[in-house]
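Quick notes on the structure that follows.
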Amino acid sequence: MHSKSSCSYRAQEPSPSFSGGEKMKRGIWGLMRPVNPGIRLAIAMSALGSVAGLGGVAALALVVTALFADDSQVWNWVFVSVGLTVAGILLRVYSFTVSHLAAFKLEIKLRTDLTEHLAHIPLGYLLTHGAGSISKVMQDDVKNLHAFVADSTPLIGRSVATPLATLALLLVVDWRLALVALAVLVAGALFMRVGMRNNKEMQLRYDAEREKINSAVVEFVQAMPVVRTFDDGGTSFGRYQAALDGFKSIMVKWLQASGTSAKVAITVLAPMPTLLALTVAGLIFYHDGTLSFSSWAVVLLLGTGMAESLAPLMWLNFFIRKANASAHRIQDLLEVPALSVLGTPRVPEDATVVFDNVSFAYEGRSDDALHGVSFKVPVGTVTALVGPSGAGKSTVARLIPRFWDVSRGSVSIGGVDVRNMTSETLMQNVSFVFQDPFLFHDTIAANIRMGRPDASMEEVEQAARAAQAHDFIQDLPKGYETVAGERGARLSGGQCQRITIARAILQDCPVVVLDEATAFADPENEAALIGALANLMKERTVIIIAHRLSTIRDADQIVVMDLGRVVEVDRHAELVAAEGVYARLWSSHEQARGWTLGQRGTVKS
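First residue of the sequence shown: 5, per our numbering; consecutive thereafter.
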């Protein structure tokens, strides 16, 4: 059985772990380690470019001096000034090229690592934290790091090298005027410090509000059918508007808290205040005869840029804090423990499924959702899980493909604990057909091939025929090459479900878990779905979550659950005769089948 399938029993290599590997340094510098050589080169080239540019300005000052002195060396200094200026420009361009290449490399690595890591962490984490939070990490936070590496790393070199090199040149020319320029720089730095004193806290609040907006947008778009049916937009859009108002509020508070100091800092660090101070001080020293005109000219040309070059540090500090916050969120996600293999990886001997005294609690909950669940599903049999809403049926089913790990006890397939299998081995042995089918924005053929990318077109069509899907696929504009649309938007619910069943048939796993696939099907689709499911269940071990009890009357065994516990296990007739929980459920089911709508909305039975 299953001899041609990718789900055949064979040893697999352990899957890679993307839980962050060795403990990385927290923050941006830890995440940027793979592209550190490029970043260092970009900073160095930017610093050299700034120094070369300053050299060009200094040479220009000597040109002015030579002109006044009628010095024959004037053209030599012109060539030196032009050469250093061009060299500075080329070095800065090269710096930005290197930094952008490093940024793209880092972005690709982060997106790849995050995507692969998400495939190995418990499903519970994804459900608990929501799509908005995770999409913010994978989109906004990765973009923030890309922008930091691309634009801010050259800024680091320029912001550090320019004031230091300028101060050094000024000290050589005239130490008194150098101190005047330094005093302006210190005054600007102090105002800058005051303006940025609450930046860390405000950045955290800013990010929290951005996350709320992301979550509100995802919820609003996904719930659009419900919104258009039940809501005039006031309630649903109100949540989005509230998120926008919260974001606006935090931005206003941030600007109010730092606005005055930041404006003063920017004003002080502009060229004019420094030029004014150097002009006044220079006049005093020039009239005293302690300062030559040429030295004064050099100081005026160089000094105005020293304080101005410090202004980017204010923005650089903001960029670092923003990138650092993003880096911490990315690292938090990468450090979520992956579902690791316990001990030496093993391969199942057959398709027997056994729950042995299983208890389970959801993350963040102190009470157990399952209590001591035990039952056995023999090879090639059908077992139905039934019970009232909230009994734990879906939780039991999701422990088989290891969407979560048990808290106590064990779930095994073919005598092997699922925690002793690699993710590849587990996927090759278990197919899961969800009640809510999901199709990717790809062709019908690609969606069916998802479990077996190497399957031939003939095998894809055979699976589609078995799933009662071939005929309607042929009627589509491009047949199997038709794009399904986002989440299968171009197909009906029943058609999407049959595509997912075809996917499971092609994957040909020996264990199939079904979350009642016909729960919301119309009569026409239900007949096709039942035929598709019958083909899927042939010669396989099947666990089915049953909402319609009429669909599981012929199951080999029925496991009845209530409040997270197994309360009955038997066949349909015996369970009805036992007059327990299942008998009450069956009675309610039979009564519901007889209900009809009467006049004026009354219910008749």
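Ideal Cβ positions, reconstructed from N, Cα and C, are used throughout, including at glycine.
query: Below 8 Å, can you find three or more Cβ-Cβ pairs linking the region 347 to 364 to the region 176 to 184?
result: Result no; under three Cβ-Cβ pairs closer than 8 Å.
query: From this set, Val487, Val546 and Ser460, which residue's C-alpha is nearest Leu510's C-alpha?
result: Here the closest residue by C-alpha is Ser460.
message: Here's the rule I'm using: 16 or more other beta-carbon atoms within 10 Å means buried, otherwise exposed. How should Gly25 be labelled?
response: Residue placement at Gly25 is poorly supported in this model, since its pLDDT is 44, which falls under 50; the coordinates are not used for a value here.
message: Quick check on the DSSP output: the alpha helix (DSSP H) that includes Asp292 runs from which residue to which?
response: From DSSP, the alpha helix (DSSP H) with Asp292 extends over Pro275 to Asp292.
- request: Taking Ala51 and Val164 to be in contact with their CB atoms under 8 Å, please state how far apart those CB atoms are, rounded to whole angstroms.
  value: 7 Å
- prompt: Ser137 CB to nearest chain B CB: under 9 Å?
  reply: Among the chains of the structure shown, chain B does not appear; only one protein chain is present.
field: Opposing strand residues paired with Ser416 [DSSP bridges]
entry: Val358 and Asp421
- request: Can you tell me which of Lys109, Ile43, Gly396 and Asn424 puts its alpha carbon nearest to the alpha carbon of Val351?
  value: Asn424
query: From this set, Tyr210, Pro277, Ala285 and Val284, which residue's C-alpha is nearest Gly250's C-alpha?
result: Tyr210
Cutoff 7 Å; reference Ala467; Cβ partners in own chain excluding five residues on either side: Ile452, Ala506, Ile509 and Leu510
- request: Report all residues from its chain with a CB closer than 6 Å to the CB of Leu589; omit the five preceding and five following residues, and keep chain order.
  value: For Leu589, where only same-chain residues beyond five positions count, there are no Cβ hits under 6 Å.
- request: Report yes if the C-beta distance between Val340 and His104 is below 9 Å; otherwise report no.
  value: no
message: Helix, strand or coil for Gly376? Go by DSSP, reduced to three states.
response: strand
message: Is the separation between the beta-carbon of Leu35 and that of Ala331 shorter than 9 Å?
response: It is a contact, given that the beta carbons lie within the stated cut-off.
query: Which residues in the same chain as Leu518 place their Cβ atom closer than 6 Å to its Cβ, once the five residues preceding and following it in sequence are excluded?
result: Val437 and Ile548
query: Can you give the beta carbon distance from Trp213 to His150, rounded, assuming they're within the 8 Å contact cut?
result: First, the amino acid is wrong: residue 213 is Glu here, not Trp. That belief does not hold up - the Cβ atoms of Glu213 and His150 are roughly 22 Å apart, past 8 Å.
- request: Select from Pro382, Leu343, Tyr366 and Arg333 the residue whose C-alpha is nearest the C-alpha of Gln143.
  value: Per the Cα distances, Arg333.
query: From Met454, Leu159 and Val256, pick the residue whose C-alpha is nearest to that of Ser54; which is it?
result: Leu159
- prompt: Does the distance from the C-beta atom of Asp446 to that of Ala488 stay below 9 Å?
  reply: yes
- prompt: Three-state secondary structure (DSSP) at Ile43?
  reply: helix
message: If I follow the unbroken beta strand (DSSP E) through Arg569, where does it start and stop?
response: Arg569 to Asp574
message: Please list the terminal residues of the continuous beta strand (DSSP E) segment that includes Thr387.
response: Val386 to Val390
Reduced DSSP secondary structure (H/G/I, E/B, other) of Met255: helix
- prompt: Considering Gln561, what are the terminal residues of the beta strand (DSSP E) in which it resides?
  reply: Gln561 to Asp566
query: What is the DSSP secondary structure of Leu105, counted as helix, strand or coil?
result: helix
message: Let's see if you can read the secondary structure: which residues bound the alpha helix (DSSP H) around Ile548?
response: For Ile548, there is no enclosing alpha helix (DSSP H); the enclosing beta strand (DSSP E) has its first and last residue at Thr545 to Ile549.
Val162 versus Met431 - alpha carbon distance: Strictly speaking, residue 162 in this sequence is Arg, with Val absent from that position. Looking at the two C-alpha atoms, the distance is approximately 52 Å.
- prompt: What did DSSP end up calling Phe524 once you bin it into helix, strand or coil?
  reply: Confidence in Phe524 is poor, its pLDDT being 48 and thus under 50, which makes the residue's placement unreliable; the coordinate value appears in the next sentence. Phe524: coil per DSSP, three-state reduction.
- request: List the endpoints of the continuous alpha helix (DSSP H) containing Phe476.
  value: His474 to Gln478
message: Taking the alpha carbon of Ser167 as the reference point, which residue from Leu45, Pro41 and Leu306 has its own alpha carbon closest?
response: The sequence as given places Pro at residue 167; Ser does not occur at that position. Out of Leu45, Pro41 and Leu306, Leu306 has the C-alpha closest to the C-alpha of Pro167.
- request: Report all residues from its chain with a CB closer than 7 Å to the CB of Ala550; omit the five preceding and five following residues, and keep chain order.
  value: Short of 7 Å from the beta carbon of Ala550, and not among the five residues preceding or following it, lie these beta carbons of its own chain, in chain order: Ala388, Leu389, Val390, Glu520 and Ile556.
- prompt: So what does DSSP say about Val176, is it helix, strand or coil?
  reply: helix
- prompt: Touch check for the region 565 to 577 and the region 366 to 380: three-plus C-beta pairs under 8 Å?
  reply: yes
message: Give me, in chain order, the residues of the same chain whose beta-carbon lies closer than 8 Å to that of Leu94; leave out the 5 immediate sequence neighbours on both sides.
response: In chain order, Gly53 place their CB closer than 8 Å to the CB of Leu94, counting only its own chain and leaving out the 5 sequence neighbours on each side.
message: Taking the straight line between their C-alpha atoms, what separation do you get for Asp574 and Ala587?
response: 12 Å
- request: Could you give the DSSP three-state label for Ser363: helix, strand or coil?
  value: Annotated three-state conformation of Ser363 is strand, per DSSP.
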